[in-house]
Amino acid sequence: MTLGISVIVTFLSIHYKLVYNLDLTLLSIAIIFPLVFNIRGAFRRREKALEHLSKYRSAMVTINFYLQTSTDLSKEEKRKTEDILSRISDQAVRHLKNNEENVESVDQAIHDFHTHISKLEEFIPRRIKDRIFRYMNDMQEGFENVFAINIHRTPRALKAYCLVFIYIFPFIYSPTVIYNIGVANSDLAVYFIVVVTEFILIALYNIQDQMEYPFDDIGVDDIKLENFQLHRRVYPFFKK
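In the numbering used here, the protein residues as written are 34 to 273.
And the structure:
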């Protein structure tokens, strides 16, 4: 749509000889600076999400290791603890992929695990139990951080501001390009410059928009949540 607007505005500017000389530094301040600011913010959010997901999974795997290697628990108790941890892992992935604000299912699974560990208190040595609770705290903290990143995004007002100026951009830029190139020169050069510049702006905006949702598994740079589950599912291209 924006490229279509660029072509139409350029055609009208050439046809009616609408030209003026505008300092394009104003455009860079109005569009490029906030757009780059948003992209950097979205990228930092993605990197932080990877960091917290790694801590979340490492804590979960460590808890499972302590419980599965315990000689004081029966096979049934070990299986149940692993099932609850798997449920926490699956519910967390489902929540992030579906971009849900309600985390009741994850909270309930974590609560069930706390309750189950409390029931096994007499079978777990105190030293091991303290370590398990410490790693449970790390696991929950990691998920809460990822949940906050998923819900609270880069400023929406700034994003809307960028989009408005991208749509306004051809009305300002086309007459300026015609003025700088000259009406007598090739019209194709004017079309090319305006359309390519508009394409770059909208492409950067779309990249930032994709990075805003790093968990939905739609964009090429999205986080592969399956790699952060309790029982990791390796993608085919990772296999030898």
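The beta carbon of each residue, even a glycine, is placed where N, CA and C say it ideally should be.
Using the beta-carbon count (16 or more within 10 Å), is residue i buried or exposed?
i: residue 128; result: buried
i: residue 37; result: exposed
i: residue 189; result: exposed
i: residue 245; result: buried
i: residue 229; result: exposed
i: residue 192; result: buried
i: residue 41; result: exposed
i: residue 272; result: Because residue 272 sits at a pLDDT of 42, beneath the cut-off of 50, its placement in the model cannot be relied upon, and the point is left open.
Grab me the residues of residue i's own chain with a C-beta within less than 7 Å of its C-beta, minus the 5 sequence neighbours each way, in chain order.
i: residue 205; result: 55 and 60
i: residue 184; result: 134
i: residue 249; result: 130, 132 and 255
i: residue 97; result: 115, 118 and 263
i: residue 125; result: 139 and 176
i: residue 88; result: 171 and 175
Per DSSP, what kind of secondary structure is residue i in: helix, strand or coil?
i: residue 273; result: Annotation note: pLDDT 38 at residue 273 (below 50); position unreliable, coordinate value reported separately. Coil, per DSSP.
i: residue 54; result: coil
i: residue 37; result: helix
i: residue 203; result: helix
i: residue 99; result: helix
i: residue 268; result: With a pLDDT of only 44 at residue 268, under the threshold of 50, the placement of this residue in the model should not be trusted; the figure read from the coordinates follows. Coil at residue 268, not helix or strand.
i: residue 141; result: helix
Excluding the 5 residues preceding and the 5 following residue i in the sequence, name in chain order all residues of the same chain whose CB lies nearer than 8 Å to its CB.
i: residue 213; result: 54
i: residue 269; result: Confidence in residue 269 is poor, its pLDDT being 44 and thus under 50, which makes the residue's placement unreliable; the coordinate value appears in the next sentence. Around residue 269: no qualifying Cβ.
Which same chain residues end up closer than 6 Å to residue i when comparing Cβ atoms and leaving out the 5 residues on each side of it in sequence?
i: residue 85; result: 175, 178 and 179
i: residue 120; result: 142
i: residue 95; result: 168
i: residue 224; result: 43
For my contact list, residue i and residue j are in at a C-beta cut-off of 8 Å; report their separation, rounded to the angstrom.
i: residue 68; j: residue 195; result: 5 Å
Any heavy atom of the ligand ZN within a distance shorter than 7 Å of the CB on residue i?
i: residue 230; result: Within the structure as shown, the ligand ZN is missing, as the structure has no ligands at all.
(message) Report the start-end ranges of each alpha helix (DSSP H) in the segment 173 to 258 that is 4 residues or longer and not cut off at the edges.
(response) Fully enclosed alpha helix (DSSP H) runs of no fewer than 4 residues occupy 189 to 214 and 220 to 244 of the segment 173 to 258, in order along the chain.
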